[in-house]
Amino acid sequence: MSTYIYIIDDLVFFFVGIVILYLFVLAVASHFKRIVYPKAEKKYHCAILVPEESPLPVIYREESYEFFTYNDLHQGINTLDREHYQLILILSDTAISLSPLFLEKIYNAYDAGIQAIQLHTVIENRKGFCNRFRAICKEIKNSLFRAGNTQFGLSSNLSGTNMAIDLEWLQNNLRSSKTNIERKLFRKNVYIDYLPDAIVYCQSSPVHPYRRRLRKTASYFFPSLLEGNWNFCNRIVQHLIPSPLKMCIFVSVWTLLITGYNWALSIGWWLILFGLLVTYSLAIPDYLVEDKKKKHSIWRKRHLSNELKKNPV
Numbered sequence: 001m002s003t004y005i006y007i008i009d010d011l012v013f014f015f016v017g018i019v020i021l022y023l024f025v026l027a028v029a030s031h032f033k034r035i036v037y038p039k040a041e042k043k044y045h046c047a048i049l050v051p052e053e054s055p056l057p058v059i060y061r062e063e064s065y066e067f068f069t070y071n072d073l074h075q076g077i078n079t080l081d082r083e084h085y086q087l088i089l090i091l092s093d094t095a096i097s098l099s100p101l102f103l104e105k106i107y108n109a110y111d112a113g114i115q116a117i118q119l120h121t122v123i124e125n126r127k128g129f130c131n132r133f134r135a136i137c138k139e140i141k142n143s144l145f146r147a148g149n150t151q152f153g154l155s156s157n158l159s160g161t162n163m164a165i166d167l168e169w170l171q172n173n174l175r176s177s178k179t180n181i182e183r184k185l186f187r188k189n190v191y192i193d194y195l196p197d198a199i200v201y202c203q204s205s206p207v208h209p210y211r212r213r214l215r216k217t218a219s220y221f222f223p224s225l226l227e228g229n230w231n232f233c234n235r236i237v238q239h240l241i242p243s244p245l246k247m248c249i250f251v252s253v254w255t256l257l258i259t260g261y262n263w264a265l266s267i268g269w270w271l272i273l274f275g276l277l278v279t280y281s282l283a284i285p286d287y288l289v290e291d292k293k294k295k296h297s298i299w300r301k302r303h304l305s306n307e308l309k310k311n312p313v
C-alpha cells in the first residue's frame, strides 16, 4: 500500500512542480519591459460596442468616443460600416470609465499590425474580502496569461470582453453571438496582444461570455501541435490549469496529508507550496498591495488618535 502512495505522490509532485515552474517563469516575465508602439501614422475610426444598460455613453457624452449600444452582439457588429470603422471595441456591462489616451494606445498597436487586443480590466469595487479576492485573481491571470505570454511572443488570453478587434476580420468570422471569438482567433493563428496601459475600469468583475468546455478545448491540442500552432497549444495548457484558489487549496491539502503520513516526505511539498505563494505574489500588481498598506496606515492613525484622546500628554 505504501508503495502505491509513494508512486502517486511522486507523480503528483512532478506534475505540480512543472506547473508551478511554468507559472513562475510567466510571473517573472510579466515584469520585463514591454514594447512601446510608435505613434500611429494613419487616422483610424473605432466603434465602441456596449450593452444597452452601460453608463459609458452618458459619462462620455462630451468626448469623441463613438458608442453603439446592442442587445444582440452579432447583430450589433454586423450593422457597423467597415468602410468607416476599422476597429471595434467590445466593452463589458460593468465598465464605468476608461483610462486617459485610451484610443491612442489602441491605435498605435493597430497601426503596428496588431489585429486583436486584450485591454486591461481593473475592478474598482474592492471593498470586502470577496471583491478584493476577485480583483486579485483577475490581476494574477492578467500577469501570468496575458502580460507573461506576450513577453515570449505568445498570444495573450482573451476574456471575451474589454477587447479591441479588427472589424473586417470579426464580421467575416463571427457566425453568431455564441461564437467563441478567442478560439476563432487562436485557430486562425491571429496574434493577440495585451495592453496593460489601456485600462477599462469596471465596477465588478465582468462575466465570462463563454462556457468552459475543457473536453472540447483539449480536443484541439494535438491538431494544433501538428500544425505548429504554439499559441493555441499554450492557451489549451493554460485553460487546463486550475484557478489560483483551487491550486492553493489542492497543494495545501496535499501537503498537510503527506505531512501527516510522512513528515520527511513532506519537505518537498512545503517548498512547492512556498514556491506557489511566491509565484502568485509576483503576479499581484503594486496598486493592490498599496491599497492594503493605505488601509493599515489609516487604521494606525485612527488607533494613535484614539490613544492620544484617552491618554493626553
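Read left to right, the sequence shown gives residues 1 to 313 (UniProt numbering).
All C-beta atoms, glycine included, are put in the ideal place defined by N, C-alpha and C.
As the structure is a prediction and not an experimental result, all values here were calculated from the model.
When DSSP reads this structure, Ile192 sits in a beta bridge with Ala116.
In this structure Ala198 touches Ile106 by the C-beta definition: roughly 6 Å separates them, less than 8 Å. Sorting Ala164, Val28, His31 and Val200 by C-alpha distance to the C-alpha of Leu56 places Val200 at the top. Burial check for Tyr6: the Cβ neighbour count within 10 Å stays below 16, so the residue is exposed. In this structure, the straight-line span from the alpha carbon of Asn229 to that of Tyr261 is close to 43 Å. Burial is judged here by how many other beta carbons sit within 10 angstroms of a residue's own beta carbon; Phe129 has fewer than 16 and is exposed. Rounded to whole angstroms, the Cβ separation of Phe152 and Ala283 is 15 Å, and the two are not in contact under 8 Å. Within a 10 Å sphere around the beta-carbon of Val253 sit fewer than 16 other beta-carbons, which makes this residue exposed.
Counting along the chain, Phe186 sits inside the alpha helix (DSSP H) bounded by residues Ile181 to Arg187.
Looking at the DSSP output, Thr161 sits in no beta bridge, so it has no partner there.
A straight line joining the alpha-carbon of Ser159 with that of Leu144 spans about 14 Å.
In this structure, Met163 keeps its C-beta atom at 9 Å or more from the C-beta atom of Val19.
Shown here for Gln171: same chain residues with a beta carbon closer than 8 Å to its own, the five before and five after excluded, namely Ile77, Asn78, Leu80 and Arg82 in chain order. For Leu240, the enclosing alpha helix (DSSP H) covers residues Trp230 to Leu240. One alpha carbon belongs to Arg213, the other to Gly268, and they sit about 33 Å apart. Under DSSP, Val50 takes part in a beta bridge, and its partners are Thr69. For Leu257, the enclosing alpha helix (DSSP H) begins and ends at Pro244 to Tyr261. Arg235 is positioned such that its CB atom lies closer than 9 Å to that of Asn157.
Counting every other CB atom within 10 Å of its CB across the protein chains shown gives Lys43 a total below 16, marking it as exposed. Excluding sequence positions up to five before and after Tyr37, its CB lies within less than 6 Å of the CB of Asn108, Ala109 and Ala112, all in the same chain and listed in chain order.
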